[in-house]
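A.B. asks: Residues are numbered in this note's numbering as their position in the sequence shown, beginning at 1, plus a constant of 297.
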Amino acid sequence: MTETIIPLRPRSEENSALARVDVTAVELLARGQAASLQAARTQVILINLRGHRDQMTALFADLRAREPAGDVQIDTANAGLVAAINHGVVQIDLFIARAQLLMAETAQSSG
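If you want it as structure tokens, here you go:
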């Protein structure tokens, strides 16, 4: 494991998403599950993205399985939700692909 300086954040930022990523990344790094802090951060971000994708996919499947309500406003809202969730899953897939590319680049530069 290479020596890395991990910046401390002000207390006002302790609950930020970045701070939570860093805490988990440092734990991965300390356990030897990542070669660098950047690789650990990328792993944490990938885990989070995949979790969000799984949740959205489950919601998408639930909405798609529902019978039409027979109320135009409800059916229109559900169709809008299906479209928005599908778009969200596509965006998450793009972020996952970028994170995987970053991991590969990080592994090449540190190897």
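A virtual CB, placed ideally from N, CA and C, is assigned to each residue, including glycine. Treat the numbers as computed from the prediction; the structure is a model and nothing was measured.
Can Ala-316 and Arg-338 be called in contact, C-beta distance under 8 Å?
C.D. replies: No, they are not a contact pair.
A.B. asks: Can the beta-carbon of Gly-329 be found less than 8 Å from the beta-carbon of Met-353?
C.D. replies: For Gly-329 and Met-353, no; Cβs fall outside 8 Å.
A.B. asks: What did DSSP end up calling Glu-364 once you bin it into helix, strand or coil?
C.D. replies: Coil at Glu-364, not helix or strand.
A.B. asks: Please state if the CB of Val-387 and the CB of Phe-357 are separated by a distance shorter than 8 Å.
C.D. replies: Contact: no.
A.B. asks: How long is the line joining the alpha carbons of Asn-375 and Arg-347, rounded to whole angstroms?
C.D. replies: Going from the Cα of Asn-375 to the Cα of Arg-347 covers about 24 Å.
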